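Q: Take a look at the following structure, please.
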Amino acid sequence: MSELDIQELKMVAESYEELLAPALFDEWTSRLIDAANIEPGDRVLDVACGTGILGRTVAEEVGSAELVSGVDINPGMLALAEEISPEIDWREGEAEDLPYRDNSFDAVISQFGLMLFSDPEVAVKEMWRVLKPDGQLAVAVFDSLDKIPAYGVMARVYDRMVDKKVGNALRLPFSMGDTDELCSIFESVGLSSIDIRTEKGQASFSSARHMVLADVKGWFPFAQIFLEKSKINEIFEEAETFLEPFMTPDGAVEFPVPAHIITAVKA
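Next up, the structure:
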């Protein structure tokens, strides 16, 4: 299989929502809302909204789902987001060409999407364009892989047991950890008064198998990577060994996950 149709993409999105989001993403929603100073009545755009994890929480904060919009390039993610929260305005589109007018939102937020955009500088420029004057931009990206060694271990497992393409697919979400490079991206589009702070999160998978499945079922297919069941079983065995330093006595896999939150207010 080289391409996924909409129903197959939605199935991958369901795995993402079930396996990856609670273990890695959920705790960051309130942090990003606080960083953007979102208040009741604000109109908010979530860029790279995925299955709507952040957008749903924002809707509770602003008091109405109709005040929230979410945009993503992946129709499978959007299909699931629409199914869970049909009141929110979900739209398919690229971060580099947002389908909204200038000065439309009180806050624009993006949680762990910037690393995946084809042109991050253009995407930041677009987020700035649709933000109202005095509006707040807040973007979260993971720290570098050397600060999150459990994923570094698994990237090397995939390198060895499959190939570098798979290992690099796992590395991609951690490719923007350099704060100097982050600053240059935002400053290149004219944002001079930005603030970057690093916060520590905590990944929590119920087992090494859970951590592997989260990527094999909830992430890799979006990168057109499909592994045979026999190979996945071999990876399970390797993961049990190499993730042991991160295991709790009951077999869960837990480790710190630092991330950078970049904020700016539009003059």
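UniProt numbering numbers the first residue of the sequence shown as 1 and each following residue consecutively.
Positions of the beta carbon are idealized from the N, C-alpha and C atoms, including for glycine.
None of these values were measured; they are calculated from a predicted model.
Using a threshold of 8 Å, state whether the C-beta atoms of VAL71 and GLY93 are closer than that.
A: Yes, they are a contact pair.
Q: Who pairs with ASP72 in a beta bridge, going by DSSP?
A: Beta-bridge pairing links ASP72 to GLU92.
Q: Taking 8 Å as the cut-off, does the segment 148-157 touch the segment 107-123 (at least 3 CB pairs, one atom from each stretch)?
A: In short, these stretches do not touch, since the Cβ pair count stays below three.
Q: Does VAL153 come out as helix, strand or coil in the three-state DSSP assignment?
A: The answer is helix: DSSP assigns VAL153 an H, G or I state.
Q: Closest by CA to ARG209, which one among LEU20, GLU14, ASP159 and ALA13?
A: Comparing Cα-Cα distances from ARG209 to each of LEU20, GLU14, ASP159 and ALA13, the minimum goes to LEU20.
Q: Under a three-way DSSP split, which group does residue 286 fall into?
A: There is no way to answer for residue 286, as the model of the chain reaches only from 1 to 267.
Q: DSSP state of SER192, grouped into three classes?
A: Note: SER192 maps to coil in three-state DSSP.
Q: In whole angstroms, give me the CA-to-CA distance for LEU243 and GLY177.
A: For LEU243 and GLY177, the distance between alpha carbons rounds to 22 Å.
Q: On the CB-based measure, 16 or more other CB atoms within 10 Å of its CB, does residue 321 come out buried or exposed?
A: Given a span of 1 to 267 for the chain in the structure shown, any question on residue 321 remains unanswerable.
Q: Note the first and the last residue of the continuous alpha helix (DSSP H) segment covering SER110.
A: SER110 -> not in any alpha helix (DSSP H); beta strand (DSSP E) instead, spanning 105-111.
Q: Could you please give me the residues that DSSP links to ASP46 through a beta bridge?
A: DSSP, once it has assigned bridges, lists GLY70 and ILE109 as partnering ASP46.
Q: Give me the DSSP bridge partner(s) of HIS260.
A: DSSP lists VAL141 and THR198 as partners of HIS260.
Q: Kindly indicate which residue of ALA138, GLU96 and ARG43 has the alpha-carbon position closest to the one of PHE105.
A: Answer by Cα proximity: ARG43.
Q: Consult DSSP for MET1 and reduce its assignment to one of helix, strand or coil.
A: Below a pLDDT of 50, predicted positions are generally treated as unreliable, and MET1, at 35, falls in that range; the measurement from the model is reported next regardless. DSSP places MET1 in coil when its eight states are reduced to three.
Q: Assign GLU237 to buried or exposed, taking buried as 16 or more other Cβ atoms, counted over all protein chains shown, within 10 Å of its Cβ.
A: By the 10 Å Cβ count, GLU237 comes out exposed.
Q: Nearest to ASP143 by CA position, among VAL162, LEU172 and MET127, is which residue?
A: Out of VAL162, LEU172 and MET127, LEU172 has the C-alpha closest to the C-alpha of ASP143.
Q: Which residue marks the beginning of the alpha helix (DSSP H) containing LEU32, and which one marks its end?
A: Per DSSP, LEU32 belongs to the alpha helix (DSSP H) from 28-35.
Q: Which value, in whole angstroms, describes the spacing of the CA atoms of SER2 and LYS229?
A: With a pLDDT of only 42 at SER2, under the threshold of 50, the placement of this residue in the model should not be trusted, and no figure is reported.
Q: Expressed to the nearest angstrom, what Euclidean distance is found between the alpha-carbon atoms of ILE235 and PRO249?
A: Taking the straight line joining both Cα atoms gives about 21 Å.
Q: Less than 8 Å between the CB atoms is what I'm expecting for GLU126 and LEU98, so what's the real figure, rounded?
A: Their Cβ separation, rounded to whole angstroms, is 5 Å, which keeps GLU126 and LEU98 in contact under 8 Å.
Q: Determine the closest residue to GLU27 out of GLN136, SER207 and ALA203, with distance taken between C-alpha atoms.
A: Answer by Cα proximity: ALA203.
Q: Tell me whether the beta-carbon of ALA169 lies closer than 8 Å to the beta-carbon of ALA95.
A: No, Cβ-Cβ distance for ALA169 and ALA95 is not below 8 Å.
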